[in-house]
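Undergrad:
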Amino acid sequence: MFATLKRAAKALRVPTAEEVELAYIYEAGDRYDLEARERNLSRRNFNRTLGL
Numbered sequence: 380m381f382a383t384l385k386r387a388a389k390a391l392r393v394p395t396a397e398e399v400e401l402a403y404i405y406e407a408g409d410r411y412d413l414e415a416r417e418r419n420l421s422r423r424n425f426n427r428t429l430g431l
């Protein structure tokens, strides 16, 4: 019974912000796309620290 509940909880778990960012970076097709994605994430993180 508890195994079923654990599986259900894992299926409904929301990914963390870090997991979402890593998945976004891993989807890059080439190094230029990777650099653009890294700049985008850096810009978003900078804006979060400023409270924007």
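Residue numbers (the working numbering): 380 to 431.
Where a beta carbon is used, it is the ideal one built from N, C-alpha and C, also for glycine.
Under 9 Å between the Cβ atoms of Ala407 and Arg418?
TA: Their beta carbons are not under 9 Å apart, which means Ala407 does not touch Arg418 by this criterion.
Undergrad: Under the assumption that Glu400 contacts Leu384 (Cβ atoms under 8 Å), give the Cβ distance between them as a whole number of angstroms.
TA: Glu400 to Leu384, Cβ: 29 Å. No contact.
Undergrad: Between the C-alpha atoms of Arg392 and Ala402, what's the straight-line distance to the nearest angstrom?
TA: When rounded, the distance between both Cα atoms is 16 Å.
Undergrad: Provide the residue span of the alpha helix (DSSP H) that contains Ala407, from first to last.
TA: No alpha helix (DSSP H) contains Ala407, which DSSP labels as neither H nor E.
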